Every structure is written in structure tokens, then in C-alpha cells.
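Asker: Residue numbers (my numbering): 325 to 563.
Just so it is clear, CB atoms sit at the ideal spot from N, CA and C, and this is done for glycine as well.
What you are looking at is a predicted structure, and each value in this text was computed from that prediction instead of being measured.
Encoded structure:
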């Protein structure tokens, strides 16, 4: 319905193409760039940057969360500085990252890493320390060793919170990528966005935003599917 109203307003002249391209114009741009092959190239570049940043950020956040969550002494060392950094808007670190990493690929991946690592760490740490103490008492009764305790009690107990952190990190990853690809980028979805701004092409700007939105929805659906597979006991209360 919204698309119909949008297109009708464009046809009737209520919305100028220079202000906001119509759905037909956006579709024409997407189809044209897809036939040329440039859209697939830009999409591949952005997906590679996100995948690399996610891999590094999730790995780092997971390791830090396990270290802080499983050791009280490590918690004092790891959690306090990370909580202080978490209070900062992660995109506010972009100027520092530009100085440290330059303005090429390392910056784009680095911004994704920064956006990903904190949600993963915080939710995993919260999940570990939030495991019901009764389960620890049960592990003592059952005679579980340290490894078995982690394997059978800590990890399953922390997994729901960890997956929530993963969902937040995916949203941050795309937000970070938009900012990163706006700086000295010659390929990627953000490059389309930047070109649209430079040449006053609202069809390119809207097309890039649509691509980001579709990718975000698809990845969110993937995470929900993973949740259903690894957390089969978690039932939704809605009918």
C-alpha cells in the first residue's frame, strides 16, 4: 500500500524525483546495475567486509566473555575497561580508527569489529554469570569436573543470552559498514550511497538503503532460524 501511494504521488507530481525517486525509478536502477554486474560486485565487497568484521568481532567478544565470565579475577581485569568503552558511542571511535588504521579496508573492517565485539561480550558475560546457582550445586552433586561444568551447564545456560548479543551485533555490523563505506570507498553498497549523494541521485540512495534493509532482514531471519535449531526448548508464548 505504501509503495502504491509513493508511486502515485510521484506520477501525479507531488514528489519530485530530485527529492525522492519513485519505486519504479529505484527498480530501474537496481535492474540496470544488476545487468551490468556492478551491483553484484558492490554486494560482494560489502558482504566480505561484514563477514570478516563479524568473524573477528564475534571471536574476540566470545573469548573475552568466556574469560571474564568463568574467572572472578579475570572479570576484574577485563570487565571494567570494557564497560567503560561500552559507554562510548562505538561510531564515535571512527576518528581514532582513521588515525590508527588509515582510510582503506582496515578501517571498514575495524569499524565492524568494534560494533560487533561489545554486544557479543556483554551478553555472553551476562549469560554466564546469570546461570542459576542451583545448577552449580547440581554439578557438585553429580561430580562434574570443570570442563564438564562448562560444557553441560554454563554454555547451555548462557546460549540464549549469547544469541541475543549476536542479533544486536549484526545490526551494529551493518550500521558500522554504512559509516565505513562512506570514507574513501570505491566499491560496496556504501559506495552506491556515496555516489548517489555526490551526483544528487536519489534513486541510487534509496536503492542502497533498500539493499541494506533486505540484507538486514535476511540475516535476522537466519539468526532466528539458528535460535530455533540450537534452542528447541525455547517456546514462544504467542499462539
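1. Taking C-alpha atoms, which residue in 425, 498, 416, 411 lies nearest to residue 440?
2. For residue 410, tell me which candidate among 495, 438, 527, 482 has the shortest Cα-Cα distance.
3. Cutting at 8 Å between CB atoms, please list the residues of its own chain near residue 555, excluding the five before and the five after it.
4. From residue 536 to residue 513, what does the alpha carbon distance come to, in whole angstroms?
5. Does the beta carbon of residue 369 sit closer than 9 Å to a beta carbon anywhere in chain D?
6. Within this structure, are the beta carbons of residue 432 and residue 381 separated by less than 9 Å?
7. Below 8 Å, how does it come out for the stretch 411-421 and the stretch 345-358: are there three or more Cβ pairs, yes or no?
8. What does a CB cutoff of less than 8 Å around residue 276 pick up in its chain, not counting 5 residues either side in sequence?
9. Just how far apart, CA to CA, sit residue 553 and residue 495?
10. Taking buried to mean at least 16 other C-beta atoms within 10 Å of its own C-beta, is residue 343 buried or exposed?
11. Considering only C-alpha positions, which residue in the set 516, 385, 464, 524 is nearest to residue 364?
12. How is the alpha helix (DSSP H) around residue 460 delimited, first residue to last?
13. Report yes if the CB atom of residue 453 is closer than 9 Å to the CB atom of residue 373, and no otherwise.
14. For residue 563, count neighbouring C-beta atoms within 10 Å of its own C-beta (all shown protein chains included) and say buried if the count is 16 or more, exposed if not.
15. Excluding the 5 residues preceding and the 5 following residue 349 in the sequence, name in chain order all residues of the same chain whose CB lies nearer than 6 Å to its CB.
16. Hey, how far is the Cα of residue 406 from the Cα of residue 491?
17. What do you reckon, are the CB atoms on residue 478 and residue 384 nearer than 9 Å?
18. How would you label residue 518, buried or exposed, when you count the other beta carbons within 10 angstroms and need 16 or more for buried?
Answerer: Put simply:
1. Checked all of 425, 498, 416, 411; the closest Cα to residue 440 is 498.
2. When C-alpha distances from residue 410 are compared across 495, 438, 527, 482, the shortest belongs to 438.
3. For residue 555, where only same-chain residues beyond five positions count, the Cβ hits under 8 Å are 483, 484, 487.
4. Residue 536 and residue 513 have their alpha carbons spaced roughly 8 Å apart.
5. Among the chains in the structure shown there is no chain D, since it carries only a single protein chain.
6. With contacts defined as CB atoms closer than 9 Å, residue 432 and residue 381 fail to qualify as a contacting pair.
7. At 8 Å Cβ cutoff, the stretches do not touch.
8. Any property of residue 276 remains undetermined from this structure, which presents the chain solely from 325 to 563.
9. Taking the straight line joining both Cα atoms gives about 21 Å.
10. Only exposed fits residue 343, as fewer than 16 other CB atoms lie within 10 angstroms of its CB.
11. Of the candidates 516, 385, 464, 524, the one whose C-alpha sits nearest the C-alpha of residue 364 is 516.
12. Residues 457-466.
13. It is not a contact, given that the beta carbons lie outside the stated cut-off.
14. Low confidence applies here, because residue 563 scores a pLDDT of 45, under 50, leaving its location unreliable; read the following figure in that light. Of the other Cβ atoms in all chains shown, fewer than 16 fall within 10 Å of the Cβ of residue 563; this residue is therefore exposed.
15. Closer than 6 Å at Cβ, skipping near neighbours: 527.
16. When the Cα atoms are used, residue 406 and residue 491 turn out to be separated by approximately 19 Å.
17. For residue 478 and residue 384, no; Cβs fall outside 9 Å.
18. So residue 518 counts as buried.
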